[in-house]
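Numbering (the numbering used here), first residue to last: 926 to 1209. Note that the Cβ used here is the ideal one computed from N, Cα and C, for glycine as well. Following: one structure in structure tokens, then a few remarks.
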Amino acid sequence: MIETHRSFVNRWECDENDHLNIQFYGQRFDEAARFFRLHSGGPLLGPLPRLRLIRYHAEMSGGAMARIESAAIEGGDHNGATLHLMRTVPGGTLAASCLDLDALNRNGGVASIAQGDLLANWLPRSPSFEQTKPLSFDEFAKIGGFCTGQSLVEGRECHGDGTLTQQGYLARYSNAAAHSWSAIGVGSTMLAERRLGRVAVEMKLTHHRPARLGEGLIIHSGTVGSEGKTIRLRHEIRRATDGVPIASAEVVSLLIDQERRKAVSLPDEVAARVGRPVPPEARN
């Protein structure tokens, strides 16, 4: 593996749980992917991968330092995909891993890693390794989806070619997730009273077409399933003017005890609301 990124976690990049917000993990992994592509003889700019999976292993708090190493996978089911590992500096604790299943415009790897048993320790466990097919907003509403955001793509969140960055997508998912949680009874008041936090564990990001500068985006979100202590969130982004699918995301998430930093079980009344249509009063 070769080093493709180094960074410092600023306090303003951290969320209400006092750890790095998911949008900044996404930013770092995407930059690492682009520099790996550059080292491999491809262009620095270019489209996002059609499918990107991220798994969060340990929290990164303000003041932490990180480095990312990247390699192409050889052999096995994920032959040709690119693996990125984010570790703390110093210490080398694995903080997050990312798998790009269709690394585009890469002309032969300068570093490779064989797919073996160890790889399973780094890959997401829950989402499938297939692209998510977009749901219409009407289809999504039947299993609990509702509008969680409307926004314009601004220049400050675009690449030089005018396409939305990975960070821009994840920022929208992060904001929308709060509304999804709140709709099933896990709002800010409940979190404060019980000293809990909402965190993502794994993400599967599917990019259908680029969002471009000046476009309006509508995002619908909802909770579509639960297992053990986790719930599955689903996000759909479509272009506001004509409803064209832009991106889909599947997120495995859970609640943590803020003091012990350990996962806790979903309250029964919360679990009972997962995957059901959201009444209008629950959205406000």
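CA-to-CA distance, residue j to residue i, given in whole angstroms
i	j	result
proline 1202	phenylalanine 1071	8 Å
glycine 1139	glycine 951	22 Å
glycine 890	leucine 1008	A query on residue 890 cannot be resolved here, the shown segment of the chain reaching from 926 to 1209 and no further.
serine 1173	phenylalanine 1062	12 Å
arginine 936	isoleucine 947	14 Å
valine 1199	glutamate 1152	11 Å
methionine 990	arginine 1137	32 Å
asparagine 1030	methionine 1011	With a pLDDT of only 46 at asparagine 1030, under the threshold of 50, the placement of this residue in the model should not be trusted; the figure read from the coordinates follows. Near 22 Å, if we compare the C-alpha coordinates of methionine 1011 and asparagine 1030.
glutamate 941	proline 1205	26 Å
proline 1015	glycine 1141	42 Å
alanine 1036	asparagine 1046	20 Å
arginine 959	alanine 1197	42 Å
alanine 1101	glycine 1069	13 Å
glutamate 1184	cysteine 939	17 Å
leucine 1181	threonine 1155	It is worth fixing the name first, because residue 1181 is isoleucine in this sequence and not leucine. About 10 Å.
isoleucine 993	alanine 1108	36 Å
alanine 957	leucine 978	14 Å
leucine 1019	isoleucine 998	18 Å
alanine 1117	histidine 1133	37 Å
threonine 1211	aspartate 955	Any question about residue 1211 goes unanswered here, given that the chain covers just 926 to 1209.
proline 1135	arginine 1120	38 Å
leucine 1060	threonine 1088	23 Å
isoleucine 1171	glycine 1000	31 Å
histidine 1003	histidine 1084	28 Å
proline 968	aspartate 943	35 Å
leucine 963	leucine 1024	17 Å
serine 1053	leucine 1095	19 Å
glycine 1017	arginine 953	17 Å
Option nearest residue i by Cα separation, candidates the options
i	options	result
glycine 1005	Ala1021, Gly1085, Ser965	Ser965
leucine 945	Ala957, Glu956, Leu976, Glu984	Glu984
proline 1049	Ala1125, Leu1180, Arg953, Asn1209	Ala1125
glutamate 1082	Val934, Asp1027, Gln1092, Ser1178	Gln1092
asparagine 1209	Phe954, Gly1112, Arg1159	Gly1112
glycine 1168	Thr1057, Ala1020, Ile1144, Gln1183	Ile1144
aspartate 973	Val1177, His1104, Asp1086, Arg1119	The question names aspartate, but residue 973 in the sequence shown is leucine. Closest option to leucine 973, Cα to Cα, is Asp1086.
glycine 1150	Phe1065, Ile993, Gly1122, Asp943	Phe1065
alanine 1103	Arg1123, Thr1090, Glu1118	Arg1123
isoleucine 927	Ile1038, Leu1116, Thr1088, Leu1019	Ile1038
leucine 1158	Trp1106, Pro1135, His1133	Trp1106
glutamate 1227	Asp955, His982, Leu963	Residue 1227 is absent from the model: the chain starts at 926 and stops at 1209.
glycine 1110	His1003, Ala1207, Tyr1094, Leu1024	Ala1207
Exposure of residue i, with buried meaning 16 or more beta-carbon neighbours within 10 Å
i	result
arginine 970	The sequence given here places leucine at residue 970; arginine does not occur at that position. The residue in question, leucine 970, is exposed, as its Cβ has fewer than 16 Cβ neighbours within 10 Å.
leucine 888	The structure shown has nothing for residue 888, since the chain only spans 926 to 1209.
lysine 1187	exposed
threonine 1114	exposed
lysine 1067	exposed
arginine 1097	buried
glutamine 1075	exposed
Residue-chain proximity (residue i, chain C), Cβ-Cβ < 8 Å
i	result
alanine 1207	No chain C appears in the structure shown, which is made up of a single protein chain.
Assumed close pair residue i, residue j - CB separation to whole angstroms, cut-off 8 Å
i	j	result
valine 934	serine 986	7 Å
threonine 1057	threonine 1131	4 Å
serine 932	arginine 980	Going by Cβ atoms, the distance from serine 932 to arginine 980 rounds to 19 Å, so no, they are not a contact pair.
leucine 976	leucine 1026	4 Å
lysine 1129	glutamate 1175	4 Å
serine 1146	threonine 1073	4 Å
phenylalanine 949	threonine 929	Going by Cβ atoms, the distance from phenylalanine 949 to threonine 929 rounds to 16 Å, so no, they are not a contact pair.
Given 8 Å, three or more beta-carbon pairs between the region 1188 to 1196 and the region 1158 to 1178: no
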